[in-house]
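Engineer: Residue numbers (UniProt numbering): 1 to 427.
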Amino acid sequence: MATPTVEWQCNKTLTECLLYMLEKEVACDVRFLFEKGTQEVRAHKVILLSRSPVFYSMLEGPLAEKGDITITDVTKESFVEFLRYLYSDVFEPNWETLIDVFYCSKKYCVDILSELCIDFLRNNVSTQNVCTVLGVSLCFDMKDIIVLCISLLEEDTKECLDTPGFLASSKECIEAILNLDKVNCREEDIYEGVLRWAGEECRRQEMEDTPANYRAVLGDQIYKIRFQTMGPYFSENISNSCILTDEEKVDIYRSMHLKKDSHLSKFISYPRIRQPFRVTRFKDISHPWVVEDTTDKISFEVSHGTKLRGVQVYGSSEEKRTIKYTIQIKDGNGKILHTETESISTDGSSATYDILLSKVIRLKRRERYTIEIDQKHCGGGELYMYYGINGQTSVRHSGDKSIIFYSAADSEHTNIDTGQIPGIIMA
């Protein structure tokens, strides 16, 4: 126990004094043990029972526990963070302890802390942590955050599969991912990601790293992998693997080649829907941009063959305006591949809008394409719009894929650094 300094109470607030007593273990009368008794944390009964009905029952009620309290379900560091909140009402979230702190708030019925944790999860879910957040949300049935996580997984599937959080996911989280019918990756990416997860799960369970054990930890979830949609990849990479039985391989081949028998298969055979996703070229937004009687243009190339589903445009930066957008997509020779016209009512509350093309355009790798856009105020008069700044020349997406933007040769205002056409919508 650390020795308190003389007159440590002076010039401190109540919260500061309580935290001092926790940190210096001043007059503690409760002891929590961790790691089979090799670590301990001391606290004060009066604080614990005043903040938690569960602690009240444990420490003061008719079934009050005697002696030390052993904690096995969270780390010492996380429990200390939980105690710090009980002593101070100060919530200082960090991802290393947040999940355990949230668990403690639920276990010990500290409702205000639970809500703070939920708000933090809701407002900070990202590609890097979505699998972790989804696992917690599934465990505590937080439906709105589950919907948020599923939406992000559908939009950024490949990036999510490549995170450490995915490899540390619970089985329930893996099941939720395999249940997705809308994704933004190939089925092969899902299979390879699940295989990596199975390897990590074997190591967590101290099982030998073998295909048979991968199958054991996956169980019936393997039937949710859409092997029938993989084409040659299945024959080249999976047919000789022990992850499937011979009977299951025959089942998959029959579904591939005899479509009428696909409903008899144990495996889900219909393909997942590839979600459109946005590639944004500007880091920041500014205004106003005065629209003149000119055409804004930007050129681009893709590193992999893909499909163009739409174009992002900016809206009015001032009061309500109905804007008529005319978009043309041209190939490297100037040939018009598609023209799209759409009118959108904007009021300054949203900077960007999506215009989906009525015809999906197939893009070939390393071929240059140009997007041209004319914008007109349907009511006449001047038009002031948002515009992008701090443009990026190259934007990565879906793992190793990228889009390279170029200033169009005869574009007077919009270029790779600033201007209109904030992004494109791919599939």
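All residues carry an ideal CB built from backbone N, CA and C; glycine is no exception.
Are the CB atoms of K297 and N390 within a distance shorter than 8 Å?
Structural biologist: Start at 1 with the first residue of the sequence shown, and residue 390 comes out as number 390. Start at 1 with the first residue of the sequence shown, and residue 297 comes out as number 297. No, the pair does not count as a contact, with Cβ atoms beyond the cut-off.
Engineer: Name the one or two DSSP bridge partners that D284 has.
Structural biologist: Sequence index remark: in the sequence shown, residue 284 carries index 284 (1-based). Bridge pairing for D284: I389 [DSSP].
Engineer: Quick check on K364: does DSSP put it in helix, strand or coil?
Structural biologist: To locate residue 364, count along the sequence shown from 1; it is residue 364. Coil.
Engineer: Touching or not, the segment 292–310 and the segment 353–371, by the rule of three or more beta carbon pairs under 8 Å?
Structural biologist: yes
Engineer: Under the three-state reduction of DSSP, which class applies to Y108: helix, strand or coil?
Structural biologist: Within the sequence shown, the letter at position 108 stands for residue 108. Y108: coil per DSSP, three-state reduction.
Engineer: Anyone know if the C-beta pair for N184 and D156 falls short of 8 Å?
Structural biologist: As a working note, residue 184 is residue 184 in the sequence shown. As a working note, residue 156 is residue 156 in the sequence shown. Here N184 is near D156, since their CB atoms are less than 8 Å apart.
Engineer: Evaluate A408 with the Cβ neighbour count: other Cβ atoms within 10 Å of its Cβ, from every protein chain shown; 16 or more gives buried, anything less gives exposed.
Structural biologist: Within the sequence shown, the letter at position 408 stands for residue 408. Classification for A408: buried.
Engineer: Pick out whichever of D374, K36, G332 has its Cα sitting closest to the Cα of V74.
Structural biologist: The sequence position of residue 74 within the sequence shown is 74, counting from 1. When only C-alpha atoms are compared, the closest one is K36.
Engineer: For the candidate residues K76, E412, D220, E340, whose alpha-carbon lies nearest to that of V41?
Structural biologist: Locating residue 41 in the sequence shown gives position 41, where the first residue counts as 1. Considering only alpha carbons, the answer is K76.
Engineer: Look at the alpha carbon of I403 and the alpha carbon of I268, and state the distance between them as a whole number of angstroms.
Structural biologist: On the sequence shown, residue 403 is found 403 positions in, with the first residue counted as 1. On the sequence shown, residue 268 is found 268 positions in, with the first residue counted as 1. Roughly 33 Å between the two C-alpha positions.
Engineer: What does the alpha-carbon distance come out to for the pair C117 and V290?
Structural biologist: Within the sequence shown, residue 117 is the residue found at index 117, counting from 1. Within the sequence shown, residue 290 is the residue found at index 290, counting from 1. Each residue's alpha carbon lies about 44 Å from the other.
Engineer: Could you give the distance in angstroms between the alpha-carbon of V6 and the alpha-carbon of L14?
Structural biologist: Taking the sequence shown and counting its residues from 1, the one referred to as residue 6 is at position 6. Taking the sequence shown and counting its residues from 1, the one referred to as residue 14 is at position 14. Spanning the two alpha carbons is a distance of roughly 17 Å.
Engineer: For the beta strand (DSSP E) containing I421, name the first residue and the last one.
Structural biologist: Position 421 of the sequence shown, counting from 1, holds the residue named residue 421. I421 -> no beta strand (DSSP E), and no H or E assigned at all.
Engineer: For V183, which three-state DSSP category applies?
Structural biologist: Reading the sequence shown from its first residue, position 183 is the one you call residue 183. It is a strand residue.
Engineer: Rounded to whole angstroms, what's the CA-CA distance from S345 to I424? Just pull it up for me.
Structural biologist: Residue numbering aside, residue 345 sits at position 345 when the sequence shown is read from its first letter. Residue numbering aside, residue 424 sits at position 424 when the sequence shown is read from its first letter. Computed Cα separation, rounded: 20 Å.
Engineer: Whose C-beta lies closer than 7 Å to the C-beta of Q128 among residues of the same chain, with five residues either side of it excluded?
Structural biologist: Taking the first residue of the sequence shown as position 1, residue 128 is located at position 128. Only T163, G165 meet the Cβ criterion.
Engineer: Evaluate R203 with the Cβ neighbour count: other Cβ atoms within 10 Å of its Cβ, from every protein chain shown; 16 or more gives buried, anything less gives exposed.
Structural biologist: Numbered from 1 along the sequence shown, position 203 holds the residue referred to as residue 203. It counts as exposed.
Engineer: Apply the 10 Å Cβ neighbour rule to H257 and answer buried if 16 or more other Cβ atoms are within range, or exposed otherwise.
Structural biologist: Position 257 of the sequence shown, counted from the first residue, corresponds to residue 257. Per the 10 Å Cβ criterion, exposed.
Engineer: So what does K324 bridge to, in DSSP terms?
Structural biologist: By 1-based counting over the sequence shown, the position of residue 324 is 324. Note: K324 sits in a beta bridge opposite S343, K376.
Engineer: Alpha carbon to alpha carbon, what distance is there between D29 and G348?
Structural biologist: For the purposes of this step, residue 348 is taken as the residue at position 348 of the sequence shown. For the purposes of this step, residue 29 is taken as the residue at position 29 of the sequence shown. Approximately 60 Å, taken between the alpha carbons.
Engineer: Which residue's Cα is closest to the Cα of H287: K401, I336, E412, L383?
Structural biologist: Against the sequence shown, residue 287 aligns to sequence position 287. When only C-alpha atoms are compared, the closest one is L383.
Engineer: Look at the alpha carbon of L134 and the alpha carbon of D144, and state the distance between them as a whole number of angstroms.
Structural biologist: Within the sequence shown, residue 134 is the residue found at index 134, counting from 1. Within the sequence shown, residue 144 is the residue found at index 144, counting from 1. If I take the Cα positions, the gap works out to 11 Å.
Engineer: Tell me which residues share the same chain as L18 and place their Cβ nearer than 6 Å to its Cβ, disregarding the 5 neighbours each side in the sequence.
Structural biologist: Position 18 of the sequence shown, counted from the first residue, corresponds to residue 18. Same-chain partners within the cutoff: Y87.
Engineer: Could you tell me which of D293, I190, E65, R51 sits nearest to R274, measuring between CA atoms?
Structural biologist: The residue labelled residue 274 in the question sits at position 274 within the sequence shown. Considering only alpha carbons, the answer is I190.
Engineer: Is the beta carbon of F32 within less than 7 Å of some heavy atom of the ligand SAM?
Structural biologist: Because no ligand of any kind appears in the structure shown, any question about the ligand SAM cannot be addressed here.
Engineer: Have a look at Y214 and I146 and give me their C-alpha separation to the nearest angstrom.
Structural biologist: Counting from one through the sequence shown, the residue named residue 214 turns up at place 214. Counting from one through the sequence shown, the residue named residue 146 turns up at place 146. Whole-angstrom Cα-Cα distance: 27 Å.
Engineer: Quick one: measure Cβ to Cβ for Q221 and L178, integer angstroms, because I've assumed they're closer than 8 Å.
Structural biologist: Mapped onto the sequence shown, residue 221 falls at position 221. Mapped onto the sequence shown, residue 178 falls at position 178. With 8 Å as the limit, Q221 and L178 qualify as a contact, their Cβ atoms being about 6 Å apart.
Engineer: For the beta strand (DSSP E) containing R226, list its first residue and its last residue.
Structural biologist: Translated into positions along the sequence shown, residue 226 becomes position 226. Segment: none, R226 is in no beta strand (DSSP E) and carries neither H nor E.
Engineer: On the DSSP bridge list, what partners appear for Y384?
Structural biologist: Indexing the sequence shown from 1 puts residue 384 at position 384. Answer is V290.
Engineer: Give every residue of the same chain whose Cβ lies closer than 7 Å to the Cβ of L337, excluding the five residues on either side of it in the sequence, and list them in chain order.
Structural biologist: By one-based count along the sequence shown, residue 337 stands at place 337. Cβ within range, chain order: I329, K330, D331, I361.
Engineer: Nearest to T322 by CA position, among T306, E342, L308, is which residue?
Structural biologist: In the sequence shown, residue 322 corresponds to position 322, counting from 1. That would be E342, whose Cα lies nearest to the Cα of T322.
Engineer: Once DSSP output is grouped into helix, strand and coil, what is the label at T157?
Structural biologist: Taking the first residue of the sequence shown as position 1, residue 157 is located at position 157. Residue state, collapsed to three classes: helix.
Engineer: Check whether the Cβ atoms of L22 and D68 lie closer than 8 Å to each other.
Structural biologist: Taking the first residue of the sequence shown as 1, we reach residue 22 at position 22. Taking the first residue of the sequence shown as 1, we reach residue 68 at position 68. Not in contact: L22 and D68 (Cβ atoms no closer than 8 Å).
Engineer: With the cut-off set at 8 Å, would you say Y353 and G315 are in Cβ contact?
Structural biologist: Locating residue 353 in the sequence shown gives position 353, where the first residue counts as 1. Locating residue 315 in the sequence shown gives position 315, where the first residue counts as 1. Yes. Within cutoff.
Engineer: Between which two residues does the beta strand (DSSP E) containing V406 stretch?
Structural biologist: In the sequence shown, counting from the first residue as 1, residue 406 sits at position 406. Looking at the sequence provided, one finds Tyr at residue 406 rather than Val. Looking at the DSSP string, the run of the beta strand (DSSP E) that includes Y406 is 401–406.
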